[in-house]
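K.L.:
Got a structure here, written out as structure tokens. Questions coming.
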Amino acid sequence: MPRIAAGDRSALRQLYDATSAKLFAVCLRILSDREESEDVLQEVYVTIWRRADRFDAARASVMTWISTIARNRAIDRLRARGPLARSEPVETLEIADGSDSAETLLAAADDRHRLNHCLGELDKRTEMVIRTAFFEGLTYDALARRMDQPLGTVKSWIRRGLAKLKGCLEQ
Amino acid sequence: MSEAPELTETEALAAEHALGVLSGREREDADARMAHDAAFATDVETWRERFAPLLEEISLQAPPSELWTRIERQLPANDYLAAGRLRFWRGATAGSLSLAAASLAALVFFAGQGPKVVQVQAPPPPPGQLLNASLMTQSGKVQPMFVAAYDPDRQALIVTSLVPPGSDPNHVHELWLIPADGKPRALGFIEPGKAKTMPMPKTIEQLVAEGASLAVSVEAPGGSPNPNAPTGPITAVGKLAKL
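Order-wise, the sequence lines are chains A and B.
Using the working numbering, read the first sequence as starting at 18 and increasing by one per residue.
Using the working numbering, read the second sequence as starting at 44 and increasing by one per residue.
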């Protein structure tokens, strides 16, 4: 990251090679549109290039930092479509598939395990709605439409779920 | 699991922002709040960290191979953009501030998405001693909140606020120079949405150099009670770079 901040393009290229497939998938999940995801991904790496000097290794891992940039940009783009973007009902909401991918082997496996454990402590409906919100970047409005529930109900599910999640993660 | 205590309104908002359920307008407000409310920004970051492990569940999807070329093309393009802005400032320093004001309307339009974030990379070093800086917030996107250019011929700093006028009537924006010695020097106030030419006294002028930082703090009317350092939060920073 310091090399990128110093203007070393080959360092940005290395980061791109190592991370673009993940960030592209993050964008694609939120936008469901390849062309838009490509545009956003382009913005993301240009942003990383310009902001690399802001990266603080003490506060976040590189992957979290750049994934957050990608998620935020993709959600901004989704919001530009309107508050109800992607609110159409679908058969199933996000469901945790119990199987672990090879990535569980990453050093962060512990954190993931803990988060999954705590999400699992929530009731099924709350877990699903929080996962869907995270992966798809949907607004409360869109989630409520999709679940065919009043906005206030969905909001209180999520807020209660977030409070429980915090309590569990801090144990 | 027993009933957890409710989150405070602030923390719930931070969690919702990190989760991504806020509407467009609420998101912008939350981003803007992160820029001046450090405790809130920390809450949001803590929640982002909490959710981050979920990202590992997303399987990889390779982008098309030509995308890197597009990105690389974009990098020098940004440098040219900065150079273009400089030419604009040269015009302004030559005395055509009315022209500057007209161009400002366009810039404010771009800045309308809220204060955003990035430090502009020092572009390739062509001739000239003019320095410029884009002052960005800590949180997210690429539009500057303030832009500044130093004209050594006039020994003046021209600073433009891209903050929408009237956005926070209870505070003032105070500009600071932080030179190599790390000690902030107060330069004056910048009204939201206005451009201002600030003549630099000799003692300060020596410190205005490439690599020195400019920062803007949010202060109560009258400015920081401490003349040697900001009292309120820093809302934007940027480094002076040669163009």
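Glycine residues also receive a C-beta, built at the ideal position from the N, C-alpha and C atoms.
List the residues of chain A whose Cβ lies closer than 7 Å to the Cβ of B/Ala-84, in chain order.
P.N.:
Within 7 Å Cβ-Cβ: nothing; B/Ala-84 doesn't reach chain A, min ~11 Å.
K.L.:
Does any residue of chain A have a CB that is nearer than 8 Å to the CB of B/Gly-67?
P.N.:
Closer than 8 Å: yes.
K.L.:
Name the one or two DSSP bridge partners that B/Trp-219 has.
P.N.:
Note: B/Trp-219 sits in a beta bridge opposite B/Ala-229, B/Ala-258.
K.L.:
For A/Val-63, would you say it is in contact with chain B, using Cβ-to-Cβ distances shorter than 8 Å as the test?
P.N.:
So, interface residue.
K.L.:
What's the call for A/Leu-168, buried or exposed, on a 16-neighbour Cβ count within 10 Å?
P.N.:
Exposed.
K.L.:
Could you list which residues in chain B have their beta carbon closer than 7 Å to that of A/Thr-85, in chain order?
P.N.:
Those within 7 Å of A/Thr-85 in chain B are Arg-91.
K.L.:
Do A/Glu-55 and B/Leu-110 have their CB atoms nearer than 8 Å?
P.N.:
In this structure, B/Leu-110 lies closer than 8 Å to A/Glu-55 by Cβ.
K.L.:
Taking Cβ-Cβ distances shorter than 7 Å, what residues in chain B pair up with A/Ser-37?
P.N.:
The contacting residues are Pro-106.
K.L.:
Return the first residue and the last residue of the alpha helix (DSSP H) that A/Ser-54 is part of.
P.N.:
Looking at the DSSP string, the run of the alpha helix (DSSP H) that includes A/Ser-54 is 51-68.
K.L.:
Inspect the beta-carbon positions of B/Leu-220 and B/Leu-205 and report whether they are closer than 8 Å.
P.N.:
For B/Leu-220 and B/Leu-205, no; Cβs fall outside 8 Å.
K.L.:
I need the boundaries of the beta strand (DSSP E) containing A/Asp-165, first residue and last residue.
P.N.:
No beta strand (DSSP E) contains A/Asp-165, which DSSP labels as neither H nor E.
K.L.:
At the 8 Å Cβ level, is B/Phe-189 part of the contact set with chain A, yes or no?
P.N.:
So, not an interface residue.
K.L.:
Would you decide whether A/Glu-144 is buried or exposed? Buried here means 16 or more other CB atoms lie within 10 Å of its CB.
P.N.:
Looking at its Cβ environment, which holds 16 or more other Cβ atoms inside 10 Å, A/Glu-144 is buried.
K.L.:
Hey, out of A/Phe-152, A/Met-164, A/Val-146, A/Arg-163, whose CA is closest to A/Ile-175's CA?
P.N.:
Answer by Cα proximity: A/Val-146.
K.L.:
Could you say which of B/His-214, B/Ala-252, B/Leu-50 lies nearest to B/Trp-90 if we only look at CA atoms?
P.N.:
With distances taken between Cα atoms, B/Trp-90 lies closest to B/Leu-50.
K.L.:
Please confirm if A/Pro-100 has its CB atom under 8 Å from at least one CB of chain B.
P.N.:
Yes, its Cβ sits closer than 8 Å to a Cβ of chain B.
K.L.:
Would you say the beta carbon of A/Lys-141 comes nearer than 7 Å to a heavy atom of the ligand ADP?
P.N.:
Among the ligands in the structure shown, none appear at all, so the ligand ADP cannot be discussed.
K.L.:
Counting only C-beta atoms, is B/Ala-95 closer than 8 Å to chain A at any point?
P.N.:
Output row for B/Ala-95: interface = yes.
K.L.:
Mapping the DSSP letters down to three states, classify A/Asp-158 as helix, strand or coil.
P.N.:
Three-state result, A/Asp-158: helix.
K.L.:
Helix or strand or just coil, what does DSSP make of B/Thr-51?
P.N.:
Coil.
K.L.:
Quick one, which of B/Ala-105, B/Met-77, B/Pro-242, B/Glu-88 has its alpha-carbon nearest B/Ile-201's?
P.N.:
That would be B/Pro-242, whose Cα lies nearest to the Cα of B/Ile-201.
K.L.:
Would you check if there are 3 or more beta carbon pairs closer than 8 Å linking the region 36-43 of chain A to the region 132-143 of chain A?
P.N.:
Contact between the region 36-43 of chain A and the region 132-143 of chain A is absent, because fewer than three Cβ pairs lie under 8 Å.
K.L.:
Quick check: is the beta carbon of B/Glu-253 nearer than 8 Å to any beta carbon in chain A?
P.N.:
No, its Cβ sits nowhere closer than 8 Å to a Cβ of chain A.
K.L.:
CB-CB under 7 Å to A/Met-18, same chain, minus the five flanking residues each way: which ones, in chain order?
P.N.:
Cβ neighbours of A/Met-18 beyond the five flanking positions: Ala-69, Phe-72, Val-79.
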